[in-house]
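The block underneath contains the structure these notes are about, expressed in structure tokens.
In our numbering, the protein residues as written are 14 to 108.
Quick look at the structure:
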């Protein structure tokens with residue numbers, strides 16, 4: 014990752030190598046926002062809780078009263094695109 018990057022993990026905890034993340038955030042080279050961790054749940058004394066530049070959310074980082082209506086609209090739009098033979102919105106390319 015480039016210096017100054019912000020790593021966001023809302024997928025699965027093991028996607029990120031925790032030891033490497035801690036090493037890089039300790040130097041201040043990158044920052045991280047984590048809605049999932051490895052291990053999960055994080056034990057009380059885990060270093061991620063106090064790592065500089067790391068924000069850990071309780072696996073519901075975006076939960077608001079607006080979530081369900083918006084999620085329903087997004088799902089309906091994605092299903093409409095799928096039925097029309099189109100790619101879904103918000104594809105993340107891995108190459």
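Heads up, the beta-carbon is just placed ideally off N, CA and C, and yes, glycines get one too.
Residue i (DSSP reduced to helix, strand or coil)
i: residue 44; result: strand
i: residue 28; result: helix
i: residue 55; result: coil
i: residue 81; result: helix
i: residue 101; result: coil
i: residue 15; result: coil
i: residue 33; result: helix
i: residue 64; result: coil
Through-space distance from residue j to residue i, alpha-carbon basis
i: residue 23; j: residue 70; result: 10 Å
i: residue 46; j: residue 98; result: 34 Å
i: residue 102; j: residue 91; result: 7 Å
i: residue 66; j: residue 86; result: 34 Å
i: residue 50; j: residue 78; result: 25 Å
i: residue 84; j: residue 93; result: 14 Å
i: residue 15; j: residue 81; result: 35 Å
i: residue 100; j: residue 35; result: 36 Å
i: residue 95; j: residue 104; result: 13 Å
Proximity below 8 Å, CB of residue i to CB of residue j
i: residue 68; j: residue 43; result: no
i: residue 39; j: residue 64; result: yes
Which residues DSSP lists as bridging residue i, in chain order
i: residue 69; result: 47
i: residue 22; result: 47
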